[in-house]
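Enquirer:
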Amino acid sequence: MKMIGISGLGDRYPRQLSGGEQQRVALARALASDPAVVLLDEPLSALDVSTRLRLLDEIVDVQRKSAIPFIYVTHSPADAVRAGDSAMILDSGQVIQQGKPSEVFNAPRSSAVSRAVGSDNILMGKVTDHREREGISIVDCGACQLVIPFCSVPKNAPITIGIRSDDIIVSREPIGQTSARNMLEGSVTNVICDGPEINLLTLCGVSLKVRLTAQAYQALGLGLGVKIYLLIKASSCHVLS
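The numbers in our numbering rise by one with no breaks, and the one at position 235 of the sequence shown is 222.
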């Protein structure tokens, strides 16, 4: 209880505990028997954002102090990257990709992994050019063209690209000098509220989903039909096939 910071809760009844305190008690109970491994099945899903972040850091700290392996089940890529030493993506009970969290989430190797880690945007196209000296390849997606990292897909061959929705930057004005190799002009076609975040559905030649905070949405004055520019780094375009 001291390790987890709940020494002062010993005399309370469960009904007198907050959501975060209940989770801390559950973790203390799990560790009390000195187990070989601890399984945490979406332990933070019912908590508010600020409590989630604070408790996640505490879970990581407790794991380090106890030296007991933790298996942390989550649908949140952010939680996995923040807490995990390694990540494993499961689909229908099968491991479809594993490795360091940053590698798994930043470079999905299939459409299934791409969807699992938040690459909501999966685009089909064909490679039209390779510029090895610049380290880039050019992909024609029909209604738009994308610059991606240099790849081994043959010229004129079909290719599938995945782009995570939170890797796309939204601007109300065209930006001339930027590190992003792709700038697509379009408009907002739908707005979906998801707690403290907003999902924008956009049409920029192709349909793209963009995820941003509610604060950013309001600050930019976004809404249905608003003209926008999407900035996408080449490194955010992942070759899936």
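We put the beta carbon where it would ideally sit given N, CA and C, even for glycine. Quick caveat: nothing in here was measured; it's all calculated off a predicted structure.
Using the Cα positions of Y59 and M75, report the straight-line distance between them to the nearest angstrom.
Expert: 10 Å
Enquirer: Whole angstroms is fine: what's the gap from G6's alpha carbon to A17's?
Expert: 17 Å
Enquirer: How about I146: is its C-beta nearer than 8 Å to some C-beta of chain E?
Expert: Here chain E cannot be found, since the structure has a single protein chain.
Enquirer: Locate the beta strand (DSSP E) running through A74, then write down its first and last residues.
Expert: 74 to 78 is the extent of the beta strand (DSSP E) around A74.
Enquirer: Check each candidate in D154, G(-8), D127, V157 and name the one with the smallest Cα separation from T147.
Expert: D127
Enquirer: Once you ignore the five residues that flank D55 on each side, which residues in its own chain have a CB closer than 8 Å to its CB?
Expert: Checking the sequence shown, residue 55 turns out to be Ile, not Asp. Once the five neighbours on either side are set aside, the close Cβ partners of I55 are L18, D21, P22, A23, V24, V25.
Enquirer: What does the alpha-carbon distance come out to for the pair Q85 and L14?
Expert: Here the C-alpha atom of Q85 lies approximately 26 Å from the C-alpha atom of L14.
Enquirer: Sort out for me which residues DSSP pairs V178 with in a bridge.
Expert: V178 is bridged to L187.
Enquirer: Can you tell me whether A230 is buried or exposed? The criterion is at least 16 other CB atoms within 10 Å of its CB, across all chains shown.
Expert: Residue numbering for the chain in the displayed model covers -12 to 228; residue 230 lies beyond these limits and cannot be assessed.
Enquirer: Which stretch, first to last residue, makes up the alpha helix (DSSP H) that contains R69?
Expert: 64 to 70
Enquirer: Counting pairs of Cβ atoms below 8 Å between the region 123 to 140 and the region 180 to 188, do you hit three or more?
Expert: no
Enquirer: What's the call for Y0, buried or exposed, on a 16-neighbour Cβ count within 10 Å?
Expert: exposed
Enquirer: Report the three-state DSSP secondary structure of Y204 (helix, strand or coil).
Expert: helix
Enquirer: Can you tell me whether DSSP reads E172 as helix, strand or coil?
Expert: strand
Enquirer: Straight-line CA distance for I150 to R11?
Expert: A straight-line Cα-Cα distance of about 36 Å links I150 and R11.
Enquirer: May I have the straight-line CA-CA distance separating S158 from C191, to the nearest angstrom?
Expert: 13 Å
Enquirer: May I ask which residues mark the beginning and end of the alpha helix (DSSP H) holding S101?
Expert: For S101, the uninterrupted alpha helix (DSSP H) run begins and ends at 98 to 103, by DSSP.
Enquirer: Taking the Cβ atom as the reference point for each residue, do L217 and L195 lie within a distance shorter than 8 Å?
Expert: yes
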